[in-house]
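The structure under discussion appears below in the form of structure tokens.
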Amino acid sequence: MRFQLKTDYALRILIYMSEKKNGQIREGNHLKITTSELADNLKISQIYMMKILRDLKDAKIVYSIQGSLGGYSLYKDAEDITVYDVVESVEGKIEIFTCRYGERAQRTQLECPYTCAENCRIYTALEKMEQNVINDLKKLTVADLCGANTGRKQELQVR
41 MRFQLKTDYA LRILIYMSEK KNGQIREGNH LKITTSELAD NLKISQIYMM
91 KILRDLKDAK IVYSIQGSLG GYSLYKDAED ITVYDVVESV EGKIEIFTCR
141 YGERAQRTQL ECPYTCAENC RIYTALEKME QNVINDLKKL TVADLCGANT
191 GRKQELQVR
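Here the working numbering is used: the first residue of the sequence shown is 41, the next is one more, and so on.
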């Protein structure tokens, strides 16, 4: 499994917004941030930025302020936005492994050729690994990534 560049950019956008909201980036007193400001500061194409922001908006991670003085702002605090929320909003459901004889078998009438199908060790092991990855992503927040909890960068510890 490999996360897309879109996920990296989404996290960078949210970190920037969080740090600006908490006064760590001093470029004015506004809580709203324009796509041009994000694109300029993060060196991301404004068109691609807007696509990512649309995904984050649809997931209620950010909201938009319409009009000539508009922009984007965090919908909730960085402490309440998990990396899992971000990944799922820009990439969709996280699936590391899908057994071709599992759900697909119901649609295609495939029968598992292996005698251990009911207790498949491969599927069981990979499903457990997938759940561990998801649990770790749910523990890690945007605040953890930018150090907003302590006001300084911190070493991340995912347990």
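Heads up, the beta-carbon is just placed ideally off N, CA and C, and yes, glycines get one too. On a predicted model such as this, the values are computed, not experimentally measured, just so you know.
Open item on the list: Excluding the 5 residues flanking residue 54 on each side, which residues of the same chain have their C-beta closer than 6 Å to its C-beta?
Closed with: Here the question's residue 54 lines up with position 14 in the sequence shown. Setting aside the 5 residues that flank it on each side, residue 54 is surrounded in the same chain by 182, each with a C-beta closer than 6 Å to its C-beta; the list follows chain order.
TODO: Might you give, ordered along the chain, the residues of its own chain that have their beta carbon closer than 7 Å to the beta carbon of residue 61, omitting 5 neighbours on each side?
DONE: The residue given as residue 61 occupies position 21 in the sequence shown. 71, 114.
- [ ] Give the straight-line distance between the Cα atoms of residue 163 and residue 139, rounded to the nearest whole angstrom.
- [x] Sequence index remark: in the sequence shown, residue 163 carries index 123 (1-based). Sequence index remark: in the sequence shown, residue 139 carries index 99 (1-based). About 7 Å.
- [ ] Could you say if the segment 165-172 and the segment 109-126 meet the contact criterion of at least three C-beta pairs nearer than 8 Å?
- [x] Judged by pairs of C-beta atoms under 8 Å, the segment 165-172 does not touch the segment 109-126, as fewer than three such pairs exist.
- [ ] Express the C-alpha separation of residue 112 and residue 73 in angstroms, rounding to a whole number.
- [x] Within the sequence shown, residue 73 is the residue found at index 33, counting from 1. Within the sequence shown, residue 112 is the residue found at index 72, counting from 1. Cα-Cα distance, rounded: 5 Å.
Open item on the list: For a quick check, are the C-beta atoms of residue 99 and residue 129 less than 9 Å apart?
Closed with: Within the sequence shown, numbered from 1, the residue matching residue 99 stands at position 59. Within the sequence shown, numbered from 1, the residue matching residue 129 stands at position 89. Going by C-beta atoms, residue 99 is nearer than 9 Å to residue 129.
- [ ] Enumerate in chain order the residues of its own chain whose CB-to-CB distance from residue 123 is below 6 Å, with the five nearest sequence positions on each side excluded.
- [x] On the sequence shown, residue 123 is found 83 positions in, with the first residue counted as 1. Excluding sequence neighbours, residue 123 sits near 177, 180.
Open item on the list: Let me make sure I understand the geometry here. Which of 75, 45, 52, 51 has the alpha-carbon closest to that of residue 106?
Closed with: As a working mapping, residue 106 is identified with position 66 in the sequence shown. Nearest to residue 106 by C-alpha distance, out of 75, 45, 52, 51, is 75.
Open item on the list: Just list the residues that DSSP pairs residue 105 with in beta bridges.
Closed with: Mapped onto the sequence shown, residue 105 falls at position 65. Paired residue(s): 111.
Open item on the list: Is it buried or exposed, residue 88, if we count other Cβ atoms within 10 angstroms and call 16 or more buried?
Closed with: Residue 88 sits at position 48 when you count from the first residue of the sequence shown. By the neighbour-count criterion, in which 16 or more other beta carbons inside 10 Å mark a residue as buried, residue 88 falls on the exposed side.
Task: Beta-ladder partner(s) of residue 73, from DSSP - done: Within the sequence shown, the letter at position 33 stands for residue 73. In DSSP, residue 73 forms a bridge with 112.
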